[in-house]
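As structure tokens, the structure follows; a few thoughts come after it.
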Amino acid sequence: MEISQFVLASRPLGLPTSDNFRMEKTVLKVLNDNEVLLKPWYISVDPYMRGRMNSTKSYAASFEVDHPIKGGIVAKVMESKSKSLIAGDVVVGTLPWATFFIERAENLRKVDVQKVPPGYYLGILGMPGFTAYFGMMEICKPVKGDTVVVSGAAGAVGIVAGQIAKLQGTRVIGIAGSDEKCRLLKEQFGYDEAINYKSSKSIRKELAILCPDGVDAYFDNVGGEITEAVAANLDFHARIALCGQISQYNNSKPYVGYSILPHLLTRSVLLQGFIVSNYSDRFGEAISHLTQWVNEGKLRYTETIIEGFDKLPEAFLGLFSGTNQGKMLVKTE
Ligand SMILES: NC(=O)c1ccc[n+]([C@@H]2O[C@H](COP(=O)([O-])OP(=O)(O)OC[C@H]3O[C@@H](n4cnc5c(N)ncnc54)[C@H](OP(=O)(O)O)[C@@H]3O)[C@@H](O)[C@H]2O)c1
694 MEISQFVLAS RPLGLPTSDN FRMEKTVLKV LNDNEVLLKP WYISVDPYMR GRMNSTKSYA
754 ASFEVDHPIK GGIVAKVMES KSKSLIAGDV VVGTLPWATF FIERAENLRK VDVQKVPPGY
814 YLGILGMPGF TAYFGMMEIC KPVKGDTVVV SGAAGAVGIV AGQIAKLQGT RVIGIAGSDE
874 KCRLLKEQFG YDEAINYKSS KSIRKELAIL CPDGVDAYFD NVGGEITEAV AANLDFHARI
934 ALCGQISQYN NSKPYVGYSI LPHLLTRSVL LQGFIVSNYS DRFGEAISHL TQWVNEGKLR
994 YTETIIEGFD KLPEAFLGLF SGTNQGKMLV KTE
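Per the numbering used here, the very first residue in the sequence shown carries number 694; after that it's consecutive.
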């Protein structure tokens, strides 16, 4: 069977372009026992994949040049030689960017798409949701009355992180890249305030006005100048969950900015970096809390869905210019 797949054509220097991806034809082998033939339905594009395009050793293995890109995918089972899955089942897994693929059943998790949209398993009920849950609950540890700031607030992780903080009785301020995103955060996702970092004359001063008693917890998705502005407004014993540094992922030279460390020192701030897989033995706990909150209407979510398998590079690149609200997904049919 002939299929199409995206491979890494070359490693990017700085901001990736569509030239770093190549769509090519290949042929699938026949199904063996315990394998299933899958058709992708929703394909996730995620900022961490930028790191995998480099050759540098990191927590996630590098993509190989001329080999398929892999990521989170919700797929339909088309044919099965497994006892645990049948044709028509919907599964989630880390799978290649291809129009069809074969995978062993034990590498897939069957999901129920009757109650929630399929893409949720790549967002609020998947890796980004788990990231928001553990970063907020285990590191930011919000308590009633706290002021919590979330950067990258209107994205897949940020939307959930802010709402989880609200559920703990806090006041939440989001930082995002457009007026439309800021409006959405306040009107649909319960954020108390939102700052458009692209139009703000001084994020630091705006935060000082919005947080007269200081920031108790900061969920950092972006790093750079935004984090510097938050650091200057931290209260004593504040906590920082260092989740992401998207403002730095395309830098070819190390970022040289103003040091946030004196603020952390003089205010006894706790900063902890984390990778969601640190908590993999507790994903069950996250999914049960997140599912309950979604079912009770306490957590809301949104997705930016781009139609067409061939749009995968475009969707991925859009993460770095902020074309998404909530989870960025590609729908293939
Ligand atoms: N630690 C972990 O295990 C873990 C797991 C998942 C994700 N993450 C990290 O969490 C962060 C958010 O991931 P996500 O999946 O939720 O992505 P996302 O927020 O849905 O998408 C990325 C967003 O980043 C913002 N952005 C892009 N360039 C920026 C810049 N230079 N400065 C400030 N903001 C910028 C854009 O929104 P604007 O319009 O607001 O600019 C864009 O929509 C990323 O840094 C990611 O690497 C970490």
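Beta carbons: idealized from backbone N, C-alpha and C, even for Gly.
Next item on the list: Round the Cβ separation of residue 764 and residue 787 to the nearest angstrom and send it over; I've been treating them as touching at under 8 Å.
Entry: 7 Å
Margin query: Taking the beta strand (DSSP E) that residue 1037 belongs to, which residues open and close that run?
Written below: Past the boundaries of the shown model lies residue 1037; the chain is included only from 694 to 1026, so the question cannot be answered.
Next item on the list: For residue 932, name the three-state secondary structure that DSSP assigns.
Entry: strand
Margin query: Please state the DSSP three-state secondary structure of residue 718.
Written below: strand
Next item on the list: Could you check if residue 720 is buried or exposed, using at least 16 other CB atoms within 10 Å of its CB as the buried criterion?
Entry: exposed
Check: Is DSSP giving residue 968 helix, strand or coil here?
Finding: coil
Item checked: Start-to-end residues for the alpha helix (DSSP H) that takes in residue 882 -> Neither: residue 882 is in no alpha helix (DSSP H) and is coded neither H nor E.
Notebook entry, point to check: Is it right to say residue 847 is buried, meaning 16 or more other beta carbons lie within 10 angstroms of its own, or is it exposed?
Noted result: So residue 847 ends up on the buried side.
Item checked: Cβ shell of residue 710 (< 8 Å), same chain only, five flanking positions each side left out -> 1010
Check: Using CA coordinates, which residue listed in 879, 736, 725 is at the minimum distance from residue 999?
Finding: 736
Margin query: Following a CB-centred definition, is residue 847 positioned closer than 7 Å to any heavy atom of ligand 1?
Written below: Answer for residue 847: yes, Cβ within range of ligand 1.
Check: Closer than 7 Å: is that where the CB of residue 822 sits relative to any heavy atom of ligand 1?
Finding: no
Check: What are the complete alpha helix (DSSP H) segments, minimum 4 residues, inside the region 852-920?
Finding: Counting only runs of 4 or more, we get 872-881, 896-903.
Check: Are the Cβ atoms of residue 913 and residue 841 separated by less than 8 Å?
Finding: no
Item checked: heavy atom of ligand 1 below 7 Å from residue 936 C-beta -> yes
Check: Run through DSSP, which three-state label would residue 768 get?
Finding: Of the three classes helix, strand and coil, the one that applies to residue 768 here is strand, per DSSP.
Next item on the list: Run the CB neighbour count on residue 750, radius 10 Å, all protein chains shown included, and call it buried at 16 or more, exposed below.
Entry: exposed
Next item on the list: Take residue 777 as the anchor and find which of 785, 799, 915 has the nearest alpha-carbon.
Entry: 799
Margin query: Less than 8 Å between the beta carbons of residue 936 and residue 850, yes or no?
Written below: yes
Notebook entry, point to check: Should residue 742 be counted as a contact of ligand 1 given a C-beta to heavy atom distance under 7 Å?
Noted result: Not under cutoff, so the answer is no.
Notebook entry, point to check: Taking the beta strand (DSSP E) that residue 840 falls in, what are its first and last residues?
Noted result: 840-844
Notebook entry, point to check: Using 8 Å as the Cβ pair cut-off and three pairs as the minimum, do the region 779-786 and the region 988-1006 touch?
Noted result: no
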